[in-house]
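S.K.:
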DNA sequence: CAATAATTGAGGTACGTAAATCATAAAATG
DNA sequence: CATTTTATGATTTACGTACCTCAATTATTG
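Protein chains in written order, with our numbering: chain A, 1 to 340; chain B, 1 to 340.
1. As a quick exercise: from A:82, A:12, A:27, pick the residue whose alpha carbon is nearest that of residue 307 of chain A.
2. Once you ignore the five residues that flank residue 164 of chain A on each side, which residues in its own chain have a CB closer than 6 Å to its CB?
3. If you measure from the beta carbon of residue 182 of chain A to each beta carbon in chain B, is any gap under 7 Å?
4. Would you mind stating whether residue 329 of chain B and residue 166 of chain B have Cβ atoms separated by less than 7 Å?
5. Return yes when the Cβ of residue 142 of chain A is within less than 7 Å of the Cβ of residue 119 of chain A, no when it is not.
6. Would you kindly check if the distance between the Cβ of residue 146 of chain B and the Cβ of residue 121 of chain B is under 7 Å?
7. So residue 97 of chain A is in the beta strand (DSSP E); what residue range does that whole segment cover?
8. Is the CB of residue 338 of chain A under 7 Å away from at least one CB in chain B?
9. Determine, using beta-carbon pairs with one atom in the region 202-215 of chain B and one in the region 169-182 of chain B, whether at least three such pairs fall under 8 Å.
10. Pairs of beta-carbons, one from the region 317-328 of chain A and one from the region 13-24 of chain B, closer than 8 Å: are there three or more?
11. Relative to the alpha-carbon of residue 253 of chain B, which residue among B:268, B:274, B:244, B:62 has its alpha-carbon at the smallest distance?
12. Taking C-beta to C-beta, are residue 280 of chain B and residue 188 of chain B nearer than 7 Å?
13. Please tell me whether residue 205 of chain B has its Cβ less than 7 Å away from any Cβ of chain A.
14. Look at the Cβ atom of residue 299 of chain B, then the Cβ atom of residue 332 of chain B, and state whether they are nearer than 7 Å.
15. Give a yes or no on whether 7 Å exceeds the smallest Cβ distance from residue 341 of chain B to chain A.
16. Could you spell out where the alpha helix (DSSP H) holding residue 224 of chain B opens and where it closes?
17. Quick check: is the beta carbon of residue 331 of chain B nearer than 7 Å to any beta carbon in chain A?
18. Can you look up residue 283 of chain A in the DSSP assignment and give me helix, strand or coil?
19. Whole angstroms is fine: what's the gap from residue 63 of chain A's alpha carbon to residue 293 of chain B's?
20. Name, please, each residue of chain B whose Cβ falls closer than 8 Å to the Cβ of residue 2 of chain A.
21. Using the beta-carbon of each residue, which ones in chain A are nearer than 8 Å to residue 170 of chain B?
22. Could you tell me the distance, in whole angstroms, from the CA atom of residue 157 of chain A to the CA atom of residue 46 of chain B?
23. State the Cα-Cα distance for the pair residue 227 of chain A and residue 221 of chain A, rounded to the nearest angstrom.
24. Scan the region 122-162 of chain A and note each continuous beta strand (DSSP E) run of 3 residues or more that stays entirely inside, going in chain order.
25. Alpha carbon to alpha carbon, how far is residue 125 of chain B from residue 266 of chain B? Give it in angstroms, no decimals.
26. Give me the chain A residues within the contact set of residue 328 of chain B, using Cβ-Cβ distance strictly less than 8 Å, ordered along the chain.
27. Mind checking which residues open and close the alpha helix (DSSP H) that includes residue 254 of chain B?
28. Would you grab the beta carbon distance between residue 296 of chain A and residue 255 of chain A for me? Rounded to a whole angstrom, and I think it's under 8 Å.
29. Quick one: what's residue 296 of chain A bridged to in DSSP?
30. Out of A:91, A:116, A:195, A:171, which has the shortest C-alpha to C-alpha gap to residue 129 of chain A?
31. When you compare only the Cα positions, how much space is there between residue 40 of chain A and residue 31 of chain A?
32. Which ranges does the beta strand (DSSP E) cover as unbroken runs of at least 3 residues, wholly within the region 43-75 of chain A, from first to last along the chain?
33. Compare the Cα-Cα distances from residue 74 of chain B to each of B:55, B:103, B:54, B:92 and report the closest residue.
34. When you compare the CB positions of residue 29 of chain A and residue 19 of chain A, do they come within less than 7 Å of one another, or not?
35. Check whether the Cβ of residue 51 of chain B lies closer than 7 Å to any Cβ atom in chain A.
36. Flag residue 55 of chain A as yes if its beta-carbon sits less than 7 Å from any beta-carbon of chain B, otherwise no.
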């Protein structure tokens, strides 16, 4: 049987009340007594029964998630996963509030971050735009004792306690490997389409992609990245233009959203056997992969990301270190045949 | 606040004891009273607080896992994951016993299955050999009320309550897609290496692979599958022989274990730019991928499989339906650049 | 109708922890 | 040394559920 607080009290030769004071960092215990209790804890290998503790203290974790609005399928899916997590609230003792902000609007993000009350909120998750004002607002929250995690897109210079998302440099490198091999020696250009270089996930993908292409597939050059603000119509126009004016294009890497626009552009153009790699499984991209319009999709499981974010925030709210090694989000590579 | 048994008792107009009798299926309650209580439950949306319930009943789940022994890296890793889960036992209220059996020995597997006491064991997980005697032994256990799950390799004709592993037909198809694309039009033969066609995972991969290759890449033919019993030395010999006598080989798909032997054979042969796809990330296969000897690795995360198996067995032991949709194990595709 | 059986209520204890109160003991202060 | 402060002990209640006992009520049977 695993040891309980009673066992600790007995072996340390102190009362239950003192054990409780030590374990929960309450004042009024001499250092020598603290040491005695901690010795007993490590001797017996005591671990607090978190479920019993939560039961006793009626703990809840009020969390806030900030997600950009707009039609982006991936972000809507992310929001749906947060909502699903909110519905498990009663089981997980979380109280989740979702704040929607206009996309590509750092100022709005900052306003929401500043409206958060450190007294009543025990953790914040956000999809960040990598700008100085957002970084500052995040740092301010963290300094007030509110753990903040970034989702999908990181804020590398900030004090955020964790990033819940894929390694985007590796994702870009993977895309380059795939495109390079799918083209096998055929020289030409790769059109790179991005949403915004202000999003660190996009800029990281672009740099990883360019690095591998240059090093391993010198016969392929890069056109772009073309910025589209993740708008499908813009993607359609820019890709259409590029395909007409650049006959040497043999592959396309869309590292941002707006896959619908890419699919439309390719349909208009009459397929010229491009190698096409895109990001995120959505209804449209899934269909394109099944139809052979896309060759591969690089995906991040946003359900995993949300659940990981919640675990990390809860752990930090309790002053624990989350097992960071177990919270790594994998880069999924989907071909037509392993699409779930 | 979420409703408690007290709330149920109050709205149903019965005592706490009666609510308890209904919720836990204890006898001695009139049907009309049962209905009243159940009406209150669904009216208030009551969900039992599992943590409090487990605390009160001091529930433990004694589980048995049966894994083949031998040097197979993947299976050793699987065993390590089960051991890791066993170390979380006190938290998860499981008591896990690991039984090691000789590999490729159905009779030994049957003996262990028959030694299991349905009274004291609340669930069993095993890596199955797909033979009739094993199927029969599994069915006997299930009929005695012990839920059984298969890990890694399924037992399709049996009564096992769940299969914790990847879709191996899809895995084979994915391998074919990758090899087909990596060869882009270059005609030739693909050498297929397997452990044993008695393992349903291996035979399913082989059939998925052959199907896609025939349908989509008619310029590529199949040699094999060569059976090796997952022994690295045998793999080395058989691959070496094949490469010498079959100069038209352009790609290799090892759908079984023994990657070490494959790597050795390729090294001896002096690389002739084969497209090589193998299964499972192990220290050797990881190195081979990094070195460019392998082009892709198809992987299943055995940590996920073990955790999923435990969740399913616990749920079934409590008479609950596990959320099968959430227990699907993904097919990971790793290239050099997205290897974790 | 009485005897018996089936059903329900009332109340308690337990699980492991949190958190509070109040009394007592020890240490520090003047 | 008396007084104040600080530490500690002893005890209790609570969280939501399980499970037990015993008494009381209601149905069912002969």
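Ideal placement from N, C-alpha and C gives every residue a C-beta, glycine not left out. Bear in mind the structure is a predicted one, so any value in this text is a computation, not a measurement.
M.R.: In brief:
1. A:82
2. 149, 151, 305, 308, 309
3. yes
4. yes
5. no
6. Yes.
7. 94-101
8. yes
9. yes
10. Cβ pair count under 8 Å is below three, so no.
11. B:274
12. no
13. no
14. yes
15. Here chain B has residues from 1 to 340 only, and residue 341 of chain B is not among them.
16. That residue, residue 224 of chain B, is in no alpha helix (DSSP H); its beta strand (DSSP E) goes 220-227.
17. yes
18. helix
19. 47 Å
20. Result: 90.
21. 337, 338
22. Residue 157 of chain A and residue 46 of chain B: Cα-Cα distance of roughly 45 Å.
23. 18 Å
24. 123-126, 148-151
25. C-alpha of residue 266 of chain B to C-alpha of residue 125 of chain B: approximately 36 Å in a straight line.
26. What residue 328 of chain B touches in chain A: 340.
27. Counting along the chain, residue 254 of chain B falls outside any alpha helix (DSSP H), though it belongs to the beta strand (DSSP E) covering 249-254.
28. So it is not a contact: roughly 13 Å between Cβ atoms.
29. A:277
30. A:195
31. Residue 40 of chain A and residue 31 of chain A: Cα-Cα distance of roughly 14 Å.
32. 61-68
33. Per the Cα distances, B:103.
34. no
35. yes
36. yes
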